[in-house]
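**Student:**
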Amino acid sequence: MRIRSTMVHLGFMELPLSGPFNFAIASGGMLMGIVVSILCYQLSELTGPALPLGGAEALKARGFLGFGDDGGDVLTIEAAVDGFAKACRVPMLATVSWSVVYYNMLGTSVNGMCAVHIFKMIPPDKVTPDWSNISSRFSGNMAPVFLTSLWLYTIFVDAGSAGVLGLALVVQRLVYPFFYMVQGKFTFWFEFVTQPGYGINGCLMLGVIVTVLGGDWVSMVKASPYLMPFYGWVFGSFTLFPGLPFAPAFAFLHYKIFRALHAPDPKASEDESKAMV
């Protein structure tokens, strides 16, 4: 390994330390992702799953039991629906907010196009094609995959922290466009806003996996309120890049198969150039 002022050479790859893809800046974004993941749990009341799985006592504690004619506790449809709805209240708000922000981001792109080409509010010479392309990216990372993790986590892991994590991701999406507005293109400064999103998604996914495997995510977070959110960030961030467990293998195979079947033949290109002369 060789370290220079602007580059770290690892032999098989390089890590730039200057320019738009400065890895030192990206590392700061990773730290931001860890801090936000931990902070979300610090601001959460861990209440357990929205669908209580612990028998009568859990049902009673969460308000899922009504009262029978003799004054005793009974499970009623009304009490079950009411208790479940109350537990899901903040995640529902996060879900609707996510949908509103998504459509607003699409609307931002449409507004820009209309302002230039339809309503003539902005002269075409005042902007470039990059201006329109950038606004189309505002909604680019808002795939609905997040919602599947949010609701699995809400129902089966912990409704209390689900709401905080969900709303935090909505805020993250509202901040995201400003980085494009200021930078004008993708740089590693984006990691300061994207890494928190990876951490939030990672906590949701890891919590579900722990529950599927028979663990108790809520108890683990209570016992290790800093370490478990950190693990969540690691899971979320590394799932996207380098894309563990499958992406490195797929990227390698994609390169090898492309080179074998689709890459241009340098000799054929040279012969074609000579034929054109």
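In our numbering, the protein residues as written are 14 to 290. Note that beta-carbon positions come from the ideal geometry of N, C-alpha and C, so glycine has one too.
Less than 8 Å between the CB atoms is what I'm expecting for A107 and V231, so what's the real figure, rounded?
**Tutor:** Incorrect: roughly 19 Å between the Cβ atoms, too far for contact.
**Student:** Tell me whether V21 sits in a helix, a strand or coil according to DSSP, three-state version.
**Tutor:** Residue state, collapsed to three classes: strand.
**Student:** I'd like to confirm something about Y116: is its beta-carbon nearer than 8 Å to some heavy atom of the ligand PLP, or not?
**Tutor:** Of ligands this structure carries none, so the ligand PLP is not represented either.
**Student:** For G228 and P209, what's the separation of their Cα atoms in angstroms?
**Tutor:** 25 Å
**Student:** Quick check on L257: does DSSP put it in helix, strand or coil?
**Tutor:** coil
**Student:** With C-beta atoms as the reference, is M155 less than 9 Å away from R186?
**Tutor:** yes
**Student:** Pair every Cβ in the stretch 33 to 53 with every Cβ in the stretch 195 to 207, then say whether three or more of these pairs are closer than 8 Å.
**Tutor:** yes
**Student:** Tell me which same chain residues have a C-beta within less than 6 Å of the C-beta of T60, skipping the five on either side of it?
**Tutor:** A172 and G173
**Student:** Using 8 Å as the cut-off, can you tell me whether the stretch 156 to 171 makes contact with the stretch 122 to 132, which would need three or more C-beta pairs spanning the two stretches below that distance?
**Tutor:** no
**Student:** Going by C-alpha to C-alpha distance, which of S31, L56, L28 and T141 sits closest to K235?
**Tutor:** L56
**Student:** Alpha carbon to alpha carbon, how far is L30 from Q196?
**Tutor:** 18 Å
**Student:** Would a C-beta distance cut-off of 9 Å place L253 and C53 closer than the cut-off?
**Tutor:** No, the pair does not count as a contact, with Cβ atoms beyond the cut-off.
**Student:** How close, in whole Å, do the beta carbons of V49 and G212 come, if the pair is a contact with beta carbons under 8 Å?
**Tutor:** The pair is a contact, with the Cβ atoms about 6 Å apart (cut-off 8 Å).
**Student:** Look at the alpha carbon of I222 and the alpha carbon of G215, and state the distance between them as a whole number of angstroms.
**Tutor:** Rounded to the nearest angstrom, the two C-alpha atoms are 10 Å apart.
**Student:** Give the C-beta separation of Y189 and F151 to the nearest angstrom, bearing in mind that I take them to be a contact with Cβ-Cβ under 8 Å.
**Tutor:** 7 Å
**Student:** Do you know whose CA, among Y193, A276, Y268 and A63, lies nearest S153's CA?
**Tutor:** Checking the sequence shown, residue 153 turns out to be Gly, not Ser. Cα-wise, what sits closest to G153 is Y193.
**Student:** With a floor of 4 residues, list each alpha helix (DSSP H) that falls wholly inside the stretch 118 to 184, ordered by position along the chain.
**Tutor:** 142 to 149 and 158 to 169
**Student:** Who are L1's beta bridge partners in DSSP?
**Tutor:** With the chain covering 14 to 290 only, the question about residue 1 has no answer from this structure.
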